[in-house]
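Participant: Residue numbers are given in my numbering: position 355 of the sequence shown equals residue 381, and the series is strictly consecutive.
No residue lacks a Cβ here, since even glycine has one placed at the ideal position from N, Cα and C.
Questions regarding the structure given below will be posed in turn.
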Amino acid sequence: MAPAFPSQPLTRWVRPEIHALTAYHVPASVGLVKLDAMENPYPWPDDLRDPWLQSLRNAELNRYPDPEAQELKEKLGEFLGLPPDADLLLGNGSDELIQMILLTVAGQERCVLAPEPTFAMYKIIAQCVGLRFVGVPLLSSDFALDIEAMLEAIACHQPAAVFLAYPNNPTANLFARSDIERILRASPGVVLIDEAYHEFSKATFLADLPTYPNLLILRTLSKCGLAGLRVGALVGGLDWIREINKVRLPYNINILSQASALFMLGHARVLEEQIARICADRERLAERLGALPQIKFWPSKTNFLTLENRRRDDLADRLKQKGVLIKDLTGMHPLVEGCIRVTVGTPEENKIFLQALASVA
Ligand SMILES: Cc1ncc(COP(=O)(O)O)c(C=O)c1O
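As structure tokens, then:
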């Protein structure tokens, strides 16, 4: 009888760089105040739920979705204000678009470069597609780009892609525009400006697309209130988008996400109001944090705050014991050792967080 499992060890077949990875872990959040993933804490208003469900009634689940999601692309293009000669590619979340970009440029001896600490998926996806990842530390004083070190690393490593989160996760700040312009001019490959938190910062490089042929811009519907849909958008010049589209799997935006996102774009005011509320609550939260002498926090252009406990570094565990789930940044990068990242929640959630923090910090 043939053995149930192949006799060869799996390490013969699994690529060593994959074997060395740990799968991305999303902590369980049941029963906890969930402030760990930069979601919009507000559901859609009740009076929109019925019309939304109505918009799904005609979705033919027995058929594949529109492979190009043409209608959604057009509406989203108008919504984003696409410059002339730019095109749009949709992804199953912006994570998938990051993967598509890296699949497009992957190759032996090639690398991706990004400042660190930054969004973890840049490095994870680079490793998955067989690209070397080069991280350049941010300045420790204010998490600004170390522009001379970035330019030196670009000249030395000739990266196929440079990734800049604008604003950056987990440091919540916007890098200086003039520094990014120097990177755009110095980079031999593509430069991705990831504007996942655009709604909270309002800053964008969209208008710069015609100036820089190597510029790509990433947006997502996740942070403004539709994380469950998994819809991201990549904007760039026609040439780059045409090439990256070749690695896209067919039908990558499912029929329910297409219909729901289209419906949402017709009611974008609702999300805009929620975002305005979140921004105002972020300032209130920062004000309250300012009254806690043991807490240091950094200014934020996002829907989260990054903070450090001057006395204790087991904040995350202690907050969890109090029923609040935040992101522990310890172990991510030396610059954010002992820090936590907290998403701005509803006023009630923020109050619970502040009370828990005051009791454990
Ligand atoms: C900078 C940045 N880019 C992209 C993403 C991923 O977003 P999406 O939900 O569209 O995959 C995140 C999520 O936290 C992020 O912080």
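Is it the case that the stretch 171-190 contacts the stretch 155-163, given that we only count it when at least three CB pairs across the two stretches are under 8 Å?
Facilitator: These segments touch.
Participant: For ligand 1, list every residue whose C-beta falls under 5 Å from any of its heavy atoms, going in chain order.
Facilitator: Result: GLY119, SER120, ASP121, PHE145, ALA191, ASN195, ASP220, ALA222, THR246, SER248 and GLY258.
Participant: From SER55 to LEU318, what does the alpha carbon distance come to, in whole angstroms?
Facilitator: Residue 55 sits at position 29 when you count from the first residue of the sequence shown. Residue 318 sits at position 292 when you count from the first residue of the sequence shown. Those two C-alpha atoms are separated by around 26 Å.
Participant: Below 6 Å CB to CB, which residues in the same chain sit around ALA253 once its five sequence neighbours on both sides are set aside?
Facilitator: For this step, residue 253 is matched to residue 227 along the sequence shown. Answer for ALA253: GLU65, listed in chain order.
Participant: In the DSSP assignment, find the alpha helix (DSSP H) that holds LYS99 and state where it starts and stops.
Facilitator: By one-based count along the sequence shown, residue 99 stands at place 73. Per DSSP, LYS99 belongs to the alpha helix (DSSP H) from 96-106.
Participant: Helix, strand or coil for THR246 per DSSP?
Facilitator: For the purposes of this step, residue 246 is taken as the residue at position 220 of the sequence shown. The answer is strand: DSSP assigns THR246 an E or B state.
Participant: With a CB to CB cut of under 7 Å and the five nearest residues on each side skipped, what residues in its chain are close to GLU221?
Facilitator: Numbered from its first residue, the sequence shown carries residue 221 at position 195. Same-chain partners within the cutoff: TYR192, THR230, ILE243, LEU244 and ARG245.
Participant: Please classify ALA146 as buried or exposed, where buried requires at least 16 neighbouring CB atoms within 10 angstroms.
Facilitator: By one-based count along the sequence shown, residue 146 stands at place 120. It is exposed - the Cβ of ALA146 has fewer than 16 other Cβ atoms within 10 Å.
Participant: Let me know the alpha helix (DSSP H) ranges lying completely inside the stretch 146-204, each 4 residues or longer, listed in chain order.
Facilitator: The qualifying runs are 146-154 and 173-183.
Participant: State the beta-bridge partners of LYS60 as determined by DSSP.
Facilitator: Along the sequence shown, one-based indexing puts residue 60 at 34. LEU351, per the DSSP bridge assignment.
Participant: May I have the straight-line CA-CA distance separating VAL40 from LEU47, to the nearest angstrom?
Facilitator: Within the sequence shown, the letter at position 14 stands for residue 40. Within the sequence shown, the letter at position 21 stands for residue 47. For VAL40 and LEU47, the distance between alpha carbons rounds to 11 Å.
Participant: Name the two residues that bound the continuous alpha helix (DSSP H) containing ASP76.
Facilitator: Along the sequence shown, read from residue 1 onward, the residue named residue 76 stands at position 50. Segment 72-82, the alpha helix (DSSP H) holding ASP76.
Participant: Buried or exposed: which applies to HIS224, given that a residue is buried once 16 or more other Cβ atoms fall within 10 Å of its Cβ?
Facilitator: The count along the sequence shown starts at 1 and reaches residue 224 at position 198. It is buried - the Cβ of HIS224 has at least 16 other Cβ atoms within 10 Å.
Participant: Residue range of the alpha helix (DSSP H) that ILE294 falls in?
Facilitator: Locating residue 294 in the sequence shown gives position 268, where the first residue counts as 1. Sequence inspection shows Ala at residue 294; the Ile mentioned does not correspond to that position. Here the alpha helix (DSSP H) through ALA294 covers 294-316.
Participant: LYS101 and LEU291 - do their beta-carbons sit closer together than 8 Å?
Facilitator: Residue mapping note: residue 291 aligns to position 265 of the sequence shown, counting from 1. Residue mapping note: residue 101 aligns to position 75 of the sequence shown, counting from 1. Yes, Cβ-Cβ distance for LEU291 and LYS101 is below 8 Å.
Participant: In angstroms with no decimal places, state the Cα-to-Cα distance between LYS327 and GLY57.
Facilitator: Along the sequence shown, read from residue 1 onward, the residue named residue 327 stands at position 301. Along the sequence shown, read from residue 1 onward, the residue named residue 57 stands at position 31. LYS327 and GLY57: Cα-Cα distance of roughly 29 Å.
Participant: If we call anything under 8 Å between Cβ atoms a contact, is VAL273 one with VAL216?
Facilitator: Counted from its first residue, the sequence shown places residue 273 at position 247. Counted from its first residue, the sequence shown places residue 216 at position 190. Against a cut-off of 8 Å, the Cβ pair of VAL216 and VAL273 comes out as no contact.
Participant: Start and end of the alpha helix (DSSP H) containing LYS377?
Facilitator: Counting from 1 along the sequence shown, the entry for residue 377 is found at position 351. 373-386 is the span of the alpha helix (DSSP H), which, as asked, contains LYS377.
Participant: Once DSSP output is grouped into helix, strand and coil, what is the label at VAL362?
Facilitator: For the purposes of this step, residue 362 is taken as residue 336 along the sequence shown, with counting starting at 1. Note: VAL362 maps to helix in three-state DSSP.
Participant: May I have the straight-line CA-CA distance separating LEU82 from LYS249, to the nearest angstrom?
Facilitator: As a working mapping, residue 82 is identified with position 56 in the sequence shown. As a working mapping, residue 249 is identified with position 223 in the sequence shown. Roughly 23 Å separates the two Cα atoms.
Participant: By Cβ distance, which residues of its chain are closer than 6 Å to PHE323, with the 5 residues on each side in sequence left out?
Facilitator: The residue given as residue 323 occupies position 297 in the sequence shown. Correct list, in chain order: LEU315, LEU331 and LEU333.
Participant: Let me confirm a value: PRO42 is counted as buried when at least 16 other C-beta atoms fall within 10 Å, else exposed. Which label applies?
Facilitator: Residue mapping note: residue 42 aligns to position 16 of the sequence shown, counting from 1. So PRO42 counts as exposed.
Participant: If you follow the alpha helix (DSSP H) that ASN271 is in, where does it begin and where does it stop?
Facilitator: The residue you call residue 271 lines up with position 245 of the sequence shown. Note, ASN271: alpha helix (DSSP H), 264-271.
Participant: Whole-angstrom Cβ separation of HIS183 and LEU128, contact assumed at under 8 Å?
Facilitator: Within the sequence shown, residue 183 is the residue found at index 157, counting from 1. Within the sequence shown, residue 128 is the residue found at index 102, counting from 1. The pair is not a contact, with the Cβ atoms about 15 Å apart (cut-off 8 Å).
Participant: For SER283, which residues from the same chain have a beta carbon less than 7 Å from its beta carbon, with the 5 sequence-adjacent residues on both sides left out?
Facilitator: Counting from one through the sequence shown, the residue named residue 283 turns up at place 257. Cβ within range, chain order: LEU255, ARG256 and VAL257.
Participant: Run the CB neighbour count on GLU122, radius 10 Å, all protein chains shown included, and call it buried at 16 or more, exposed below.
Facilitator: On the sequence shown, residue 122 is found 96 positions in, with the first residue counted as 1. GLU122 is buried by the Cβ-count criterion.
Participant: In the DSSP assignment, the beta strand (DSSP E) including GLU142 goes from what residue to what residue?
Facilitator: Against the sequence shown, residue 142 aligns to sequence position 116. Per DSSP, GLU142 belongs to the beta strand (DSSP E) from 137-142.
Participant: Taking the alpha helix (DSSP H) that PHE231 belongs to, which residues open and close that run?
Facilitator: Counting from 1 along the sequence shown, the entry for residue 231 is found at position 205. Note, PHE231: premise wrong, no alpha helix (DSSP H); not H, not E.
Participant: Could you give the first and the last residue of the continuous beta strand (DSSP E) run that contains ASP121?
Facilitator: Counting from one through the sequence shown, the residue named residue 121 turns up at place 95. Careful: ASP121 lies outside any beta strand (DSSP E), inside the alpha helix (DSSP H) at 120-131.
Participant: What are the partner residues of LYS322, as DSSP defines its beta bridges?
Facilitator: Here residue 322 refers to the residue found at position 296 of the sequence shown. LYS322 is bridged to GLU334.
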